[in-house]
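Just so we're aligned, residue 1 is where the sequence shown starts under full-length UniProt numbering, counting upward by one. We treat Cβ as the ideally placed atom computed from N, Cα and C, and that holds for glycine. Working notes, beginning with the structure itself.
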Amino acid sequence: MSTNGTMEQASSTLTRQTAHRLQQISTIEVPPKLKEKVNLAVLDYLGAVASGLQSPWSSQVIKYARSRKGAHEAHAWGLQDDISAETAAFVNSLLAHSAIRDDMHLKSNSHIGSIIISASLALAQRDGWTGEQLLRGIIGGYEASALLGVAVQQSKRYNRHMRPSGIIGAFGAAGAAIAATNANEDVAINALAFAANSASGFNEWAWAGGLEIYTEMGSASQAGIVAFDLARAGLQCSETLIEGRAGLFAAFNATEGEHLFNRGLEGEIGTGIMDVQFKPVPGCNYAQTPLAVALKIAQNHDLSRGIAGPFTTVQQTKMSIQFGVCAVLIHKNVSEEVFSKFGSEEITSLASQCSVEELKEYAQSFSEGRQPARVELELKGGETIKQELPDVPWLDSKAVVDRFYSDTKGVLGSQKSQKELVRLFEGLSNLQECSQIWGSFKGTEAQKA
């Protein structure tokens, strides 16, 4: 079977074409590079969830999960007892994004893993998937998310008040279910359409500092499961919901969406997850390179002579390049503790004297998927320090695994449990059932719960 979208007719709807692509993912021989990337994505996700359990609002999230009535179907982090798959996906996705250090798909400007892996794990436990199904589901979820995300994000006039992850998350979560189960065409098309109809999430959090930045991820993961279940029950949704006259692209003013989506379908299967990068530090994607540059300056220069030069929430500090750079220069590290110092007069005073400038020479790099940055620092004595990087120093495979061990130590307990999870996900395609995974998750009740 072909591993690209060239089999499709131009007149076919985008939901139908996506359904066919996901059916391909259900049946092709999965190459080693995709298996390895899935393993890394899951380990990075688990570390992100563990970090999320340390967030100030984690106890409130767990309280919400306990209040939900439903079947005991899937594991939610911070709880001993299983809860409904939909609520588990919501809770786990929210927690995985809480440190804002989950994986990054640049072309769609989205955090796919938190949404897709949460939904996939919940469905795998509820419906008794094999490891092979879980593997294919995760690949399919990233694929569907990326197809829609790139089509929206790369449309020059799309409405940027809408959050990319919220637009594509349910579509990807439904895609994961379709790829894992090799759902028939009717179920697949309707599930994708219902999921696309759930696209939502505004960017007001960036201005007001609300926690919806995290709940948007949970809502998307949950909605993807609901969309799949609706389709399996036989409900029908408009097949042209994405590209139709009053569909998703029209609503978000993604005028180039259909063309970009079709172009994505021509690519190699697995591009969605292969294009994902792993952040080196918690915080906004666009702050990654400036923070890395600032860290180099702080580590390599004596700043004791002083630098010439109101945040109220952690999410604001993580989105601010000025705050992040100044905090790193002062404290010489990038950590959750540093970002929690939003009340620091020393940092905010220095940040108020910073300016951010867009350099024309960097424009081409950004269009090619790189994110260069330069930091210029003027010391009180008149000396100027300049440092730059050509791109984000994304984590490689070893660094992802090392961070998994570091981040999950307090959650999984023993290194034996950590190594067992690494072993299970490395051999995911060989698991006849995934119960060993859930067994490793048990006993992760949050300390503050």
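Starting from the C-beta of residue i, find all residues in its chain whose C-beta is less than 6 Å away, skip the five residues before and the five after it, and write them out in chain order.
i, result
"Cys354", "Gln322"
"Gly224", "Ala119, Ala170, Ala173, Ala174, Ala195"
"Leu421", "Ser440"
"Ala179", "Leu22, Ile25, Ser26, Arg136, Gly137, Gly140"
"Leu230", "Phe194"
"Glu258", "Glu243"
"Asn203", "His161, Arg163"
"residue 463", "Given a span of 1 to 449 for the chain in the structure shown, any question on residue 463 remains unanswerable."
"Ala71", "Ser84"
"Ala308", "Below a pLDDT of 50, predicted positions are generally treated as unreliable, and Ala308, at 49, falls in that range; the measurement from the model is reported next regardless. Glu378, Lys380, listed in sequence order."
"Gly272", "Tyr142, Glu143, Ala146"
"Glu256", "Ser155"
What separation, rounded to the nearest whole angstrom, lies between the Cα atoms of residue i and residue j?
i, j, result
"Gln364", "Gln60", "44 Å"
"Glu336", "Lys380", "29 Å"
"Thr408", "Val49", "9 Å"
"Lys398", "Asp275", "18 Å"
"Phe441", "Glu433", "15 Å"
"Gln415", "Arg403", "13 Å"
"residue 467", "Thr15", "Outside the displayed range of the chain (1 to 449) lies residue 467, so it cannot be described from this structure."
"His331", "Phe339", "11 Å"
"Ala146", "Gly113", "11 Å"
"Leu79", "Leu329", "38 Å"
"Trp207", "Arg232", "40 Å"
"Asp127", "Ser435", "11 Å"
"Met104", "Pro393", "13 Å"
"Lys279", "Tyr45", "11 Å"
"Gly343", "Asn430", "50 Å"
"Glu216", "Leu377", "37 Å"
"Ile62", "Val411", "15 Å"
"Glu73", "Asp82", "6 Å"
"Thr13", "Lys156", "22 Å"
"Pro31", "Ser238", "34 Å"
"Tyr158", "Phe425", "38 Å"
"Gln133", "Phe228", "16 Å"
"Tyr64", "Ala76", "11 Å"
"residue 462", "Gly201", "Residue 462 is absent from the structure shown; the chain starts at 1 and stops at 449."
"Ala251", "Ile189", "20 Å"
"Leu359", "Ser55", "35 Å"
"Leu148", "Ser349", "41 Å"
"Gln187", "Trp129", "Checking the displayed sequence, the identity of residue 187 turns out to be Val instead of Gln. Distance between the alpha carbons of Val187 and Trp129 is about 18 Å."
"Glu185", "Gly267", "21 Å"
"Asp396", "Arg245", "43 Å"
"Gln153", "Ile213", "18 Å"
"residue 450", "Lys419", "The structure shown does not extend to residue 450, since the chain is modelled only from 1 to 449, so the question has no answer here."
"Val334", "Glu368", "27 Å"
"Ile115", "Ile168", "10 Å"
"Glu346", "Ala124", "48 Å"
"Val356", "Leu291", "13 Å"
Tell me which residues share the same chain as residue i and place their Cβ nearer than 7 Å to its Cβ, disregarding the 5 neighbours each side in the sequence.
i, result
"Leu248", "Ala196, Ala199, Leu241, Ile242"
"Glu8", "Unreliable placement is indicated for Glu8, whose pLDDT of 40 sits below 50; no coordinate value is reported for it."
"Tyr362", "Pro372"
"Glu86", "Gln222, Ile225, Val226"
"Ala10", "For Ala10, the predicted structure reports a pLDDT of 41, less than 50, and the residue's modelled location is therefore unreliable. A value from the coordinates is still provided. The answer is none, since no qualifying residue turns up."
"Gly47", "Arg403, Phe404, Asp407, Thr408"
"Val150", "Lys107, Ser108, Leu260, Gly264"
"Asn253", "Arg157, Tyr158, Asn159"
"Thr289", "Gln371, Pro372, Ala373, Leu389, Asp391, Val392"
"Ser417", "Ser440"
Mind reading off the beta-carbon distance from residue i to residue j? Whole number of angstroms is fine, and I expect it under 8 Å.
i, j, result
"Arg370", "Asp391", "4 Å"
"His111", "Ser165", "5 Å"
"Ala88", "Ala122", "4 Å"
"Leu43", "Val401", "6 Å"
Ignore the nearest five residues each way along the sequence and tell me which others in residue i's own chain have a CB closer than 8 Å to its CB.
i, result
"Lys318", "Ile100, Pro282, Gly283, Cys284, Ala287, Gly324, Phe339"
"Thr313", "Gly209, Phe342"
"residue 450", "With the chain covering only 1 through 449, there is no way to say anything about residue 450."
With a cut-off of 9 Å, does the C-beta of residue i fall near any C-beta of chain B?
i, result
"Ala231", "This model lacks chain B altogether; it includes just one protein chain."
**Request:** Pair every Cβ in the region 175-195 with every Cβ in the region 29-41, then say whether three or more of these pairs are closer than 8 Å.
**Result:** Output reads no: the region 29-41 does not touch the region 175-195.
**Asked** Contact between the region 386-396 and the region 290-305: three or more CB pairs below 8 Å?
**Response** yes
**Any alpha helix (DSSP H) of 4 or more consecutive residues that is wholly inside the region 338-369** = 345-351, 363-367
**Message:** Pairs of beta-carbons, one from the region 218-233 and one from the region 91-106, closer than 8 Å: are there three or more?
**Reply:** yes
**Prompt:** Fully enclosed by the region 118-198, which alpha helix (DSSP H) runs are 4 residues long or longer?
**Reply:** List check, alpha helix (DSSP H) in window: 131-153, 164-181, 185-196.
**Contained beta strand (DSSP E) runs [length at least 3] in the region 258-330, N- to C-terminal order** = none
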